[in-house]
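A.B. asks:
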Amino acid sequence: MLAIGRALMSRPRLLLLDEPSLGLAPLVVHTIFEAIDEIRGKGTTILLVEQNAHAALGHSDRAYVLETGRIVMEGPSKDLAADPRIKEAYLGE
6 MLAIGRALMS
16 RPRLLLLDEP
26 SLGLAPLVVH
36 TIFEAIDEIR
46 GKGTTILLVE
56 QNAHAALGHS
66 DRAYVLETGR
76 IVMEGPSKDL
86 AADPRIKEAY
96 LGE
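For what it's worth, my numbering labels the leading residue of the sequence shown as 6, then goes sequentially.
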C-alpha cells in the first residue's frame, strides 16, 4: 500500500502494478484490489500483472493471458472470466 501511495503522489496517468497480491494475506489482497478499483475510478490507467486470475479478471476491463511469454488469449475481462477454457485452466472451475 505504501508503494502504491508513493507512486500516486506524482498523479500519474499510468500506474504499473506487478503482482500486488504476492505473499499477502487474503484480507490484505482484498484491500489492495479495493484500492485498485478506487484508483481506476479516478481515471488512472492501470497495467496490472497478476497471477491471481480471479482478482485480476474481477478488477480489470481488459485482460491478456500469457503462457511462456506469449499472448494466447485476450479480450474484455468479463468475456475471459466466462470462457470455459479460462475457467478450467486458470480459475479452477
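Built from N, CA and C at the ideal position, the CB exists for glycine as well.
This one's a predicted model, so the numbers in the text were calculated from it and none came from an experiment.
1) Kindly indicate the opening and closing residues of the beta strand (DSSP E) around residue 80.
2) Given that a residue counts as buried once 16 or more other Cβ atoms are within 10 Å of its Cβ, and exposed if not, what is residue 69?
3) Residue 98: which of 23, 58, 50 and 38 sits nearest, CA to CA?
4) Could you round the C-beta distance between residue 61 and residue 53 to whole angstroms and report it? I think they count as a contact, below 8 Å.
5) Output the boundary residues of the beta strand (DSSP E) element that contains residue 23.
6) Figure out for me which residue from 10, 12, 9 and 96 has the closest Cα to the Cα of residue 82.
7) Tell me whether residue 76 is buried or exposed, calling it buried when 16 or more other Cβ atoms sit within 10 Å of its Cβ.
C.D. replies: Reading it off the structure:
1) Residue numbering aside, residue 80 sits at position 75 when the sequence shown is read from its first letter. Start and end: 75 to 81.
2) Walking along the sequence shown from the start, residue 69 turns up at place 64. The residue in question, residue 69, is exposed, as its Cβ has fewer than 16 Cβ neighbours within 10 Å.
3) For the purposes of this step, residue 98 is identified with residue 93 of the sequence shown, where counting begins at 1. The shortest Cα separation from residue 98 among 23, 58, 50 and 38 belongs to 58.
4) The residue labelled residue 61 in the question sits at position 56 within the sequence shown. The residue labelled residue 53 in the question sits at position 48 within the sequence shown. Contact flag correct, Cβ pair sits at about 6 Å.
5) Within the sequence shown, residue 23 is the residue found at index 18, counting from 1. Looking at the DSSP string, the run of the beta strand (DSSP E) that includes residue 23 is 19 to 23.
6) The residue labelled residue 82 in the question sits at position 77 within the sequence shown. Checked all of 10, 12, 9 and 96; the closest Cα to residue 82 is 96.
7) One-based indexing of the sequence shown puts residue 76 at position 71. Under this definition residue 76 is an exposed residue.
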